[in-house]
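Here the structure comes first, spelled out in structure tokens, and everything after it is commentary.
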Amino acid sequence: MSDLIILHVSSQMELYDPSRDIWTSVGNICYGQYWDVISVLTNEQVLIKKGADNVGLYDILTGLCTHIGNMIDRRDSFATSLLIDGRILLTGGAYANGTVLDSAELY
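Reminder that position 51 of the sequence shown reads as 113 in the working numbering, one-by-one numbering, no gaps.
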């Protein structure tokens, strides 16, 4: 499943499996509002950001979402990296007003 591509519009999500060339609708997920995929993890979960700073885990297999906390900074347009130990490193980005951030967070 690590090859899945995730498409989201509002609170709707579809998963694309390129090995089978199939889209699967997942339906409404998590918070019922717009959210962003941060990164697909190796354990069949997706780290997501809802709104300005809420962070959650979406489980692809069960369809359940768990709120895990808030970001330290309300960052947008940041870069993510999946680390060897399974954590996600969020770097850079900017506040909504355009102020550039030079910090990082780990999840």
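Built from N, CA and C at the ideal position, the CB exists for glycine as well.
Small disclaimer: the values here were computed from a predicted structure and weren't measured.
Selection from the options that minimises the alpha carbon distance to residue i
| i | options | result |
| --- | --- | --- |
| N159 | D79, S81, K112 and R136 | R136 |
| T104 | L152, L145 and D79 | L145 |
| G131 | G125, D164 and G118 | G118 |
| A134 | E106, G154 and T128 | It should be pointed out that residue 134 corresponds to Ile in this sequence rather than to Ala. Looking at the Cα atoms, G154 is the closest of the given residues. |
Residue i vs residue j beta-carbon contact at 8 Å
| i | j | result |
| --- | --- | --- |
| A114 | S139 | no |
| S87 | T142 | no |
| I122 | L168 | no |
Cβ neighbour criterion (16 or more within 10 Å) applied to residue i
| i | result |
| --- | --- |
| G148 | exposed |
| V162 | exposed |
| I110 | buried |
| M63 | Note that M63 has pLDDT 43, beneath the 50 cutoff, so the model's placement of it is unreliable and the number below is only indicative. Burial call: exposed. |
| L126 | exposed |
Paired residues, beta bridge with residue i - DSSP
| i | result |
| --- | --- |
| A156 | D138 and V162 |
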